[in-house]
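Have a look at the structure below before the remarks.
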Amino acid sequence: MYAANHLKGVTAIITMTESGRTALMTSRISSGLPIFALSRHERTLNLTRAVPRRDAGSF
Numbered sequence: 001m002y003a004a005n006h007l008k009g010v011t012a013i014i015t016m017t018e019s020g021r022t023a024l025m026t027s028r029i030s031s032g033l034p035i036f037a038l039s040r041h042e043r044t045l046n047l048t049r050a051v052p053r054r055d056a057g058s059f
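Positions 1 to 59 (UniProt numbering) are the ones given, in order, by the sequence shown.
Following this line, the structure appears as C-alpha cells:
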C-alpha cells in the first residue's frame, strides 16, 4: 500500500483473493486509490467495504 500511494502513475489497487481476506485487509488501510478485488466466488466479496467485486472465474 505504501508503494501504491507514493509511486507515480499508479491509479488503482487490484487484489486477487479466494477467501476475501486480502481485499478486507486492503480496504482497511486509508488510501485515495480505488481497490478492485478479483475472486472466483462472487459471494466472497459481498461484505467487503468499498471494494467493487469482479468475477475472476475465467482467469
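Each residue gets a CB set at the ideal place from its N, CA and C atoms; glycine is no exception.
Owing to the predicted nature of the structure, the values given are computational and were not obtained by experimental measurement.
Neighbour-count burial assignment, residue i, 16 or more Cβ in a 10 Å radius
i          : result
residue 12 : exposed
Separation of residue j from residue i, as counted between CA atoms
i          : j          : result
residue 34 : residue 20 : 16 Å
residue 22 : residue 15 : 7 Å
residue 42 : residue 8  : 32 Å
residue 27 : residue 10 : 17 Å
residue 36 : residue 24 : 11 Å
Cβ-Cβ separation, residue j to residue i (assumed contact under 8 Å), whole Å
i          : j          : result
residue 18 : residue 31 : Their Cβ separation, rounded to whole angstroms, is 23 Å, which puts residue 18 and residue 31 out of contact at 8 Å.
### Message
Restricting to runs no shorter than 4 residues, where is the alpha helix (DSSP H) found entirely within the region 11-47?
### Response
Fully enclosed alpha helix (DSSP H) runs of 4 or longer: 21-28.
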